[in-house]
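Participant: Before I ask anything, let me first share the structure, which is written out below as structure tokens.
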Amino acid sequence: VSHYMVKPIKMKGLLEILRNVVETDSPAVSAALSKSLAKPEEKPVTPRHILLAEDNPVNQQLAIRLLQKMGHTVVMTGNGREALEAFAKEEFDLILMDVQMPEMDGFAATGTIREQEKVSRKHIPIIAMTARAMKGDRERCLEAGMDDYISK
Ligand code: MN
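In this text, residue positions in the sequence shown follow the working numbering: the first is 0, and each later residue adds one.
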């Protein structure tokens, strides 16, 4: 193990570690990296179809790049209303939901999805993305029907 992260995983920290690993001086790590890059089919990550709801353009690009690099497919939406439209059209494995968005925020969108699921009897994992790691955020996310949260 050359690096480790303390949960909750932050995007900034994840990027930093990826950068460090890629720019490492260690020949052993470099060799292991190029080997793993040469054989993408051996990636332990199961490809998922992810719905991303995020209004900040910088965070959008960051998240899309990271997720696609991990082998996932991503549908990008800019607010809760757009996320609901995408959710109605397609099947997803996971939703990454920004909390603060214009038009409809992440709490309202999650609430609507959970209402719909009372009929469909499904449960899609919804992970909140919050800018502030404030005390009480986790409770508020869980109350809104989110399964977990990561701070950005
Ligand atoms: Mn936002």
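Backbone N, C-alpha and C define an ideal beta-carbon position, used for all residues, glycine too.
With DSSP as the reference, please indicate the residues paired to A52 in a beta bridge.
Facilitator: Here residue 52 refers to the residue found at position 53 when the sequence shown is read from its first residue. Partner(s): T76 and M96.
Participant: What do you get for A69, buried or exposed, if any count of 16 or more other CB atoms within 10 angstroms of its CB means buried?
Facilitator: Along the sequence shown, read from residue 1 onward, the residue named residue 69 stands at position 70. This sequence places Met at residue 69; Ala is not what is there. When all chains shown are included, M69 counts as exposed.
Participant: Name the residue from D92, D54 and T76 whose alpha carbon lies nearest to the alpha carbon of H48.
Facilitator: For the purposes of this step, residue 48 is identified with residue 49 of the sequence shown, where counting begins at 1. Measuring from the Cα of H48, the nearest candidate turns out to be D92.
Participant: D136 by DSSP, collapsed to three states: which one?
Facilitator: Residue mapping note: residue 136 aligns to position 137 of the sequence shown, counting from 1. Here D136 sits in helix by DSSP.
Participant: Could you tell me if V118 is buried or exposed, where buried requires 16 or more neighbouring beta carbons within 10 angstroms of its beta carbon?
Facilitator: The sequence position of residue 118 within the sequence shown is 119, counting from 1. When all chains shown are included, V118 counts as exposed.
Participant: Report yes or no: is there a C-beta of chain C within less than 8 Å of the C-beta of K151?
Facilitator: Absence of chain C from the displayed structure is noted, only one protein chain being present.
Participant: The beta strand (DSSP E) spanning A127 covers which residue range?
Facilitator: Counted from its first residue, the sequence shown places residue 127 at position 128. I125 to T129 is the span of the beta strand (DSSP E), which, as asked, contains A127.
Participant: Taking 7 Å as the cut-off, is the CB of D54 close to at least one heavy atom of ligand 1?
Facilitator: Sequence index remark: in the sequence shown, residue 54 carries index 55 (1-based). Yes, Cβ of D54 sits closer than 7 Å to a heavy atom of ligand 1.
Participant: Taking three-plus beta-carbon pairs below 8 Å as touching, is the region 100-111 in contact with the region 73-83?
Facilitator: yes
Participant: Pull up the CB-CB distance for L51 and A62, whole angstroms please, since I reckon it's below 8 Å.
Facilitator: The residue labelled residue 51 in the question sits at position 52 within the sequence shown. The residue labelled residue 62 in the question sits at position 63 within the sequence shown. Yes, they are in contact, since the Cβ atoms of L51 and A62 sit about 6 Å apart, within 8 Å.
Participant: Please determine whether the Cβ atom of D97 lies at a distance below 7 Å from any heavy atom of ligand 1.
Facilitator: Taking the sequence shown and counting its residues from 1, the one referred to as residue 97 is at position 98. Flag set: Cβ of D97 near ligand 1.
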